[in-house]
Amino acid sequence: MIKINKRQEYILAYIKEHNEGSISDLLSFLQNTEENISKITVNRDINVLLDLKYLEKKGKGRALVYILSATYKVLYPVNVEEYFQTEFDQRKINQQFDFSVFDMETNIFNEDEIIELEALNTTYRKHKQQLSSTLLQKEYERLMIELSWKSSQLEGNTYSLLDTEVLLKEAKEAPNHSHSESVMLLNHKFALEYIQKNADIFKDISVAKVEDVHSLLTKDLGISRNLRKTMVRIVGTEYLPLDNEFQIREALEKTCVLVNKAKNPFDKVVLLMVCIAYIQAFEDGNKRTSRLMGNALLFAYDICPLSFRGVENAEYKKAVVLFYEQQNISYFKELFKKQFEFAVHHYFRV
Numbered sequence: 010m011i012k013i014n015k016r017q018e019y020i021l022a023y024i025k026e027h028n029e030g031s032i033s034d035l036l037s038f039l040q041n042t043e044e045n046i047s048k049i050t051v052n053r054d055i056n057v058l059l060d061l062k063y064l065e066k067k068g069k070g071r072a073l074v075y076i077l078s079a080t081y082k083v084l085y086p087v088n089v090e091e092y093f094q095t096e097f098d099q100r101k102i103n104q105q106f107d108f109s110v111f112d113m114e115t116n117i118f119n120e121d122e123i124i125e126l127e128a129l130n131t132t133y134r135k136h137k138q139q140l141s142s143t144l145l146q147k148e149y150e151r152l153m154i155e156l157s158w159k160s161s162q163l164e165g166n167t168y169s170l171l172d173t174e175v176l177l178k179e180a181k182e183a184p185n186h187s188h189s190e191s192v193m194l195l196n197h198k199f200a201l202e203y204i205q206k207n208a209d210i211f212k213d214i215s216v217a218k219v220e221d222v223h224s225l226l227t228k229d230l231g232i233s234r235n236l237r238k239t240m241v242r243i244v245g246t247e248y249l250p251l252d253n254e255f256q257i258r259e260a261l262e263k264t265c266v267l268v269n270k271a272k273n274p275f276d277k278v279v280l281l282m283v284c285i286a287y288i289q290a291f292e293d294g295n296k297r298t299s300r301l302m303g304n305a306l307l308f309a310y311d312i313c314p315l316s317f318r319g320v321e322n323a324e325y326k327k328a329v330v331l332f333y334e335q336q337n338i339s340y341f342k343e344l345f346k347k348q349f350e351f352a353v354h355h356y357f358r359v
């Protein structure tokens with residue numbers, strides 16, 4: 010996020026607290042924090058924030074006020090530890106689904122972050138080129154096993170990594186585990202194989218492709234492949250996803266438009282993952298669908314895929330819940346960057 014000065018931070022904080030602010034409101038507020046501040050200075054700060062697309066104008070003339078933009082709401086840095094110290098039923102949140110998320114800018118990563126991510130991906134491509142076809146396939150298999158295990162663990166699956174390896178390589182189910190846990194892991198394998206084999210089709214995202222991947226992930230688990238028609242509640246948050254099938258489809262379609270409009274693949278991946286999780290389009294399997302669809306985009310653009318193996322379960326869930334409750338992507342973005350660096354240094358090494 011671009012560095013702003015303290016006054017500009019105060020302006021944003023005031024508008025966040027009061028939902029809007031006129032020039033006179035802001036001048037009066039700032040005069041309590043800084044002596045001899047002028048209206049010209051406040052106007053200059055507001056213009057900076059308008060240029061950064063952190064603020065938008067609302068109304069005209071004497072009725073003109075400033076409000077936070079959809080882009081700012083998505084990107085402003087949140088103190089995650091402090092945020093989650095408040096119990097979920099006492100947090101001030103956006104409880105209903107907010108269609109304004111589709112109005113945000115698609116530039117999730119700034120220029121410096123893109124340079125860093127692209128440099129890491131160049132390293133990944135160089136490593137791949139130095140591997141024999143046999144070793145390359147073994148690395149894809151290792152990543153498939155670790156992603157299947159971690160993604161399933163995030164959903165409560167209790168298989169160990171070693172038992173997962175035996176299951177996916179030898180089709181031997183581990184004792185003292187339910188058959189449904191084995192099916193969940195195997196479905197990840199089949200979905201990943203489908204994605205890797207058909208990588209090119211995922212350069213352009215559609216609702217049908219999301220539905221197809223969800224169907225592969227939830228096969229034989231008693232989960233409907235159709236879009237939800239009823240309400241769903243989520244553990245640990247008061248956020249209420251859409252409960253109307255037609256609005257759910259509309260939200261998925263808008264997600265596809267937003268993702269396809271984004272120019273940089275890294276932006277596409279993060280936007281797609283958080284939006285699929287936020288919409289909760291299906292009765293179950295939404296977050297695992299978001300992780301696999303994110304990887305589908307990575308495969309499509311020859312970018313290092315993610316296993317998420319290095320992420321703490323609680324931190325991943327916090328990042329997703331923060332987007333549910335505030336439509337804020339900052340923590341999820343930070344976790345993505347760390348997991349991408351982990352993947353580049355952990356897989357496909359010579």
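Following my numbering, the numbering of the sequence shown begins with 10 at its first residue and continues without gaps. For glycine and all other residues, C-beta sits at the position ideal for the given N, C-alpha and C.
Margin query: Mapping the DSSP letters down to three states, classify V279 as helix, strand or coil.
Written below: helix
Check: Which residues share a DSSP beta bridge with V74?
Finding: K67
Next item on the list: With a floor of 4 residues, list each alpha helix (DSSP H) that falls wholly inside the segment 218–303, ordered by position along the chain.
Entry: 254–270 and 274–288
Next item on the list: State whether the segment 298–310 contacts the segment 234–244, with contact taken as three or more CB pairs (one from each stretch) at a distance under 8 Å.
Entry: no
Next item on the list: Would you kindly work out how many angstroms separate the C-alpha atoms of I285 and N337, rounded to a whole number?
Entry: 14 Å
Check: Does the separation of the CB atoms of L230 and S191 fall below 8 Å?
Finding: By the CB criterion at 8 Å, L230 and S191 fall outside the cutoff.
Notebook entry, point to check: Taking DSSP as the reference, what is the three-state secondary structure of Q138?
Noted result: helix
Check: Per DSSP, which one or two residues make a beta bridge with Q105?
Finding: L249
Check: How many whole angstroms separate the CB atoms of L163 and K296, which I take to be in contact at a CB cut-off of 8 Å?
Finding: Yes, L163 and K296 are in contact; Cβ-Cβ is about 7 Å, under 8 Å.
Notebook entry, point to check: How do the segment 69–77 and the segment 324–336 stand: do at least 3 beta-carbon pairs fall below 8 Å, yes or no?
Noted result: no
Check: Short check: CB of I312 to CB of I288, under 8 Å?
Finding: no
Next item on the list: Report back the beta-carbon spacing between N1 and L315 to the nearest angstrom; my notes put them in contact at under 8 Å.
Entry: Residue 1 lies beyond the residue range present for the chain, which begins at 10 and ends at 359; the question has no answer from this structure.
Note to self: Can you find the residues in the same chain that come closer than 7 Å, C-beta to C-beta, to Q105, ignoring five residues on each side of it along the sequence?
What the structure shows: L249
Note to self: Along the chain, where does the alpha helix (DSSP H) containing T368 start, and where does it finish?
What the structure shows: Any answer about residue 368 is impossible in this case: the structure gives the chain only from 10 up to 359.
Note to self: I'd like to confirm something about T246: is its beta-carbon nearer than 7 Å to some heavy atom of the ligand SAM, or not?
What the structure shows: You won't find the ligand SAM in this model; it holds no ligand whatsoever.
Next item on the list: Since I believe F357 is in contact with Y133 (beta carbons under 8 Å), could you give me their beta-carbon distance rounded to a whole number of angstroms?
Entry: Right, their Cβ atoms sit about 6 Å apart.
Margin query: Rounded to whole angstroms, what is the Cα-Cα separation between H27 and K212?
Written below: 41 Å
Next item on the list: Would you tell me roughly how many angstroms separate the C-alpha atoms of T227 and S160, rounded to the nearest one?
Entry: 13 Å
Notebook entry, point to check: Straight-line CA distance for E122 to V359?
Noted result: Each residue's Cα considered, the two are about 26 Å apart.
Next item on the list: Within the same chain, show all residues whose beta-carbon is closer than 6 Å to that of D353, passing over the 5 residues directly before and after it, in chain order.
Entry: It should be pointed out that residue 353 corresponds to Val in this sequence rather than to Asp. Only L129, T132, Y133 and C313 meet the Cβ criterion.
Next item on the list: Tell me where the alpha helix (DSSP H) around V330 begins and ends.
Entry: N322 to Q335
Note to self: How far does the alpha helix (DSSP H) with D54 in it extend, from its first residue to its last?
What the structure shows: K48 to D60
Notebook entry, point to check: In or out: M10 buried (at least 16 other Cβ within 10 Å) or exposed?
Noted result: Because M10 sits at a pLDDT of 49, beneath the cut-off of 50, its placement in the model cannot be relied upon, and the point is left open.
Notebook entry, point to check: Taking the continuous alpha helix (DSSP H) assigned at N196, which residues delimit it?
Noted result: H188 to K206
Checklist line | CB of F349 within 8 Å of CB of L145, strictly | finding: Their beta carbons are not under 8 Å apart, which means F349 does not touch L145 by this criterion.
Item checked: Any alpha helix (DSSP H) of 4 or more consecutive residues that is wholly inside the segment 140–166 -> 142–162
Next item on the list: Could you name the residues of the same chain whose beta carbon sits closer than 7 Å to that of V39, not counting the 5 residues immediately before and after it, in chain order?
Entry: Per the sequence presented here, residue 39 reads as Leu, with Val not at that position. R16, Y19, I46 and V51, listed in sequence order.
Next item on the list: Under 7 Å Cβ to Cβ from E246, same chain only, skipping five residues before and after it: list those, please.
Entry: The residue you asked about is not Glu; residue 246 is Thr in the sequence shown. Contacts found: F97, V330, Y333 and E334.
Notebook entry, point to check: How about V279 and K218: do their beta carbons lie closer than 8 Å?
Noted result: no
Checklist line | Span separating the alpha-carbon of T173 from that of S224 | finding: 21 Å
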